[in-house]
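Peer 1: Would you mind keeping the following structure in view while I ask a few things?
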Amino acid sequence: RALIDTLLQQTGQSADEVSNQIITSYLQQISSVIKSSEPEISPSTLQEIAVMVSMTVQQQVVEQDKYKAMIYPIYDRHFTEQELQTVIEFNQTELGKKLLHAMPLINDQHQYIFGELSLDLAPEVNKRISETISQAKKP
1 RALIDTLLQQ TGQSADEVSN QIITSYLQQI SSVIKSSEPE ISPSTLQEIA
51 VMVSMTVQQQ VVEQDKYKAM IYPIYDRHFT EQELQTVIEF NQTELGKKLL
101 HAMPLINDQH QYIFGELSLD LAPEVNKRIS ETISQAKKP
(Lines of atoms letter the chains of each structure in order from A and count residues from 1; the text may use other names and numbers.)
(Lines give C-alpha, C1' and ligand atoms only; values in the text may rest on other atoms or scores of the structure.)
Protein backbone atom coordinates (compact mmCIF):
# COMPACT_ATOMS: atom_id res chain seq x y z
CA ARG A 1 0.00 0.00 0.00
CA ALA A 2 2.87 2.39 0.72
CA LEU A 3 4.12 1.98 -2.85
CA ILE A 4 0.70 2.83 -4.26
CA ASP A 5 0.51 5.87 -1.96
CA THR A 6 3.91 7.02 -3.20
CA LEU A 7 2.89 6.60 -6.83
CA LEU A 8 -0.37 8.45 -6.22
CA GLN A 9 1.57 11.33 -4.67
CA GLN A 10 3.99 11.41 -7.60
CA THR A 11 1.12 11.58 -10.08
CA GLY A 12 -0.89 14.19 -8.18
CA GLN A 13 -3.62 11.70 -7.28
CA SER A 14 -3.19 11.32 -3.53
CA ALA A 15 -6.33 11.19 -1.40
CA ASP A 16 -5.79 14.80 -0.29
CA GLU A 17 -5.35 16.02 -3.87
CA VAL A 18 -8.39 14.10 -5.11
CA SER A 19 -10.39 15.40 -2.16
CA ASN A 20 -9.45 18.97 -3.08
CA GLN A 21 -10.40 18.36 -6.73
CA ILE A 22 -13.80 16.99 -5.69
CA ILE A 23 -14.37 19.91 -3.31
CA THR A 24 -13.52 22.44 -6.02
CA SER A 25 -15.78 20.70 -8.51
CA TYR A 26 -18.68 20.45 -6.05
CA LEU A 27 -18.37 24.07 -4.99
CA GLN A 28 -18.34 25.32 -8.58
CA GLN A 29 -21.45 23.32 -9.44
CA ILE A 30 -23.30 23.93 -6.19
CA SER A 31 -22.61 27.68 -6.07
CA SER A 32 -24.16 28.38 -9.44
CA VAL A 33 -27.18 26.15 -8.76
CA ILE A 34 -27.80 27.66 -5.33
CA LYS A 35 -27.35 31.23 -6.56
CA SER A 36 -29.87 30.69 -9.34
CA SER A 37 -32.41 28.83 -7.19
CA GLU A 38 -31.89 30.99 -4.09
CA PRO A 39 -30.89 34.45 -5.38
CA GLU A 40 -31.33 36.03 -1.93
CA ILE A 41 -28.94 33.65 -0.18
CA SER A 42 -26.41 35.47 1.96
CA PRO A 43 -22.65 35.23 1.41
CA SER A 44 -22.29 33.86 4.95
CA THR A 45 -24.69 31.00 4.16
CA LEU A 46 -22.76 30.25 0.97
CA GLN A 47 -19.57 30.20 3.03
CA GLU A 48 -21.20 27.88 5.56
CA ILE A 49 -22.20 25.54 2.72
CA ALA A 50 -18.65 25.63 1.33
CA VAL A 51 -17.22 24.68 4.73
CA MET A 52 -19.77 21.86 5.12
CA VAL A 53 -19.01 20.48 1.64
CA SER A 54 -15.26 20.63 2.31
CA MET A 55 -15.57 18.88 5.65
CA THR A 56 -17.90 16.19 4.31
CA VAL A 57 -15.73 15.37 1.30
CA GLN A 58 -12.53 15.42 3.37
CA GLN A 59 -14.10 13.12 5.95
CA GLN A 60 -15.40 10.64 3.39
CA VAL A 61 -12.43 10.61 1.00
CA VAL A 62 -9.47 10.98 3.33
CA GLU A 63 -10.47 10.11 6.88
CA GLN A 64 -12.64 7.12 6.00
CA ASP A 65 -10.23 6.05 3.24
CA LYS A 66 -13.01 5.60 0.67
CA TYR A 67 -10.73 6.74 -2.15
CA LYS A 68 -7.96 4.35 -1.18
CA ALA A 69 -10.41 1.49 -0.80
CA MET A 70 -11.52 2.10 -4.38
CA ILE A 71 -8.12 2.84 -5.95
CA TYR A 72 -5.86 0.22 -4.33
CA PRO A 73 -7.53 -2.76 -6.02
CA ILE A 74 -6.99 -1.15 -9.43
CA TYR A 75 -3.26 -0.88 -8.88
CA ASP A 76 -3.15 -4.34 -7.29
CA ARG A 77 -4.73 -5.83 -10.43
CA HIS A 78 -2.31 -4.16 -12.82
CA PHE A 79 1.04 -3.99 -11.04
CA THR A 80 3.26 -6.17 -8.89
CA GLU A 81 5.16 -4.60 -6.01
CA GLN A 82 8.35 -4.77 -8.05
CA GLU A 83 6.69 -2.99 -10.97
CA LEU A 84 5.39 -0.27 -8.68
CA GLN A 85 8.87 0.18 -7.23
CA THR A 86 10.35 0.43 -10.74
CA VAL A 87 7.77 3.03 -11.80
CA ILE A 88 8.41 5.07 -8.65
CA GLU A 89 12.16 4.97 -9.25
CA PHE A 90 11.67 6.02 -12.88
CA ASN A 91 9.47 8.92 -11.78
CA GLN A 92 12.38 10.18 -9.68
CA THR A 93 14.66 10.47 -12.73
CA GLU A 94 14.82 13.64 -14.83
CA LEU A 95 12.88 11.96 -17.64
CA GLY A 96 10.32 10.61 -15.17
CA LYS A 97 9.81 14.07 -13.68
CA LYS A 98 9.43 15.50 -17.17
CA LEU A 99 6.86 12.83 -18.02
CA LEU A 100 4.91 13.48 -14.80
CA HIS A 101 4.84 17.18 -15.62
CA ALA A 102 3.92 16.74 -19.28
CA MET A 103 1.31 13.98 -19.10
CA PRO A 104 -1.55 16.07 -17.67
CA LEU A 105 -0.96 18.66 -20.39
CA ILE A 106 -0.78 15.98 -23.07
CA ASN A 107 -3.96 14.34 -21.76
CA ASP A 108 -5.78 17.69 -21.86
CA GLN A 109 -4.64 18.18 -25.45
CA HIS A 110 -5.74 14.64 -26.33
CA GLN A 111 -9.20 15.35 -24.94
CA TYR A 112 -9.42 18.60 -26.90
CA ILE A 113 -8.34 16.88 -30.13
CA PHE A 114 -10.79 14.04 -29.49
CA GLY A 115 -13.60 16.57 -29.13
CA GLU A 116 -12.56 18.46 -32.26
CA LEU A 117 -12.20 15.27 -34.28
CA SER A 118 -15.59 14.05 -33.09
CA LEU A 119 -17.20 17.31 -34.19
CA ASP A 120 -15.38 17.17 -37.52
CA LEU A 121 -16.50 13.59 -38.20
CA ALA A 122 -20.12 14.04 -37.08
CA PRO A 123 -21.56 15.38 -40.37
CA GLU A 124 -20.09 12.54 -42.44
CA VAL A 125 -21.10 9.88 -39.91
CA ASN A 126 -24.64 11.30 -39.69
CA LYS A 127 -24.88 11.41 -43.50
CA ARG A 128 -23.87 7.77 -43.78
CA ILE A 129 -26.30 6.73 -41.04
CA SER A 130 -29.11 8.50 -42.87
CA GLU A 131 -28.10 6.81 -46.14
CA THR A 132 -28.04 3.40 -44.46
CA ILE A 133 -31.47 3.95 -42.93
CA SER A 134 -32.83 5.15 -46.28
CA GLN A 135 -31.45 2.07 -48.02
CA ALA A 136 -32.93 -0.21 -45.36
CA LYS A 137 -36.38 1.31 -45.88
CA LYS A 138 -36.37 0.65 -49.64
CA PRO A 139 -38.22 -2.48 -50.71
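Take 1 as the starting number for the sequence shown in the numbering used here and just add one per residue. Glycine residues also receive a C-beta, built at the ideal position from the N, C-alpha and C atoms.
1) Tell me whether the stretch 31 to 50 and the stretch 61 to 78 touch, counting them as touching only if at least three CB pairs, one residue from each stretch, are closer than 8 Å.
2) So what's arginine 128 in DSSP terms, helix, strand or just coil?
3) Can you check whether the CB of leucine 7 is closer than 8 Å to the CB of isoleucine 106?
4) Would a C-beta distance cut-off of 8 Å place alanine 15 and valine 62 closer than the cut-off?
5) For serine 90, collect the residues of the same chain with a Cβ closer than 7 Å to its Cβ; drop the 5 residues on either side in sequence, then sort them by chain order.
6) Is the distance from the Cβ of tyrosine 26 to the Cβ of valine 57 below 8 Å?
7) Hey, which unbroken runs of the alpha helix (DSSP H) at 4 residues or more fall wholly within the stretch 5 to 72?
8) Rounded to whole angstroms, what's the CA-CA distance from phenylalanine 142 to glutamine 111? Just pull it up for me.
9) Could you check where the alpha helix (DSSP H) with threonine 86 kicks off and where it finishes?
10) Near isoleucine 41, what residues of its chain come up, given a Cβ to Cβ distance below 8 Å and the 5 sequence neighbours on each side ignored?
11) Which value, in whole angstroms, describes the spacing of the CA atoms of asparagine 20 and lysine 98?
12) By how many angstroms is the C-alpha of glutamine 60 removed from the C-alpha of lysine 66?
Peer 2: Reading off the structure:
1) With the rule of 3 Cβ pairs closer than 8 Å, the stretch 31 to 50 does not count as touching the stretch 61 to 78.
2) Residue state, collapsed to three classes: helix.
3) Their beta carbons are not under 8 Å apart, which means isoleucine 106 does not touch leucine 7 by this criterion.
4) In this structure, alanine 15 lies near valine 62, with their beta-carbon atoms less than 8 Å apart.
5) The residue asked about is misnamed: residue 90 is phenylalanine in this sequence, not serine. Gly96.
6) Cβ distance < 8 Å, so tyrosine 26 and valine 57 count as in contact.
7) DSSP runs (the alpha helix (DSSP H)) wholly in the stretch 5 to 72: 15 to 37, 43 to 58.
8) Here the chain has residues from 1 to 139 only, and residue 142 is not among them.
9) Here the alpha helix (DSSP H) through threonine 86 covers 81 to 91.
10) Result list for isoleucine 41: Ile34, Lys35, in chain order.
11) Cα-Cα distance, rounded: 24 Å.
12) If you draw a straight line from the Cα of lysine 66 to the Cα of glutamine 60, it comes to about 6 Å.
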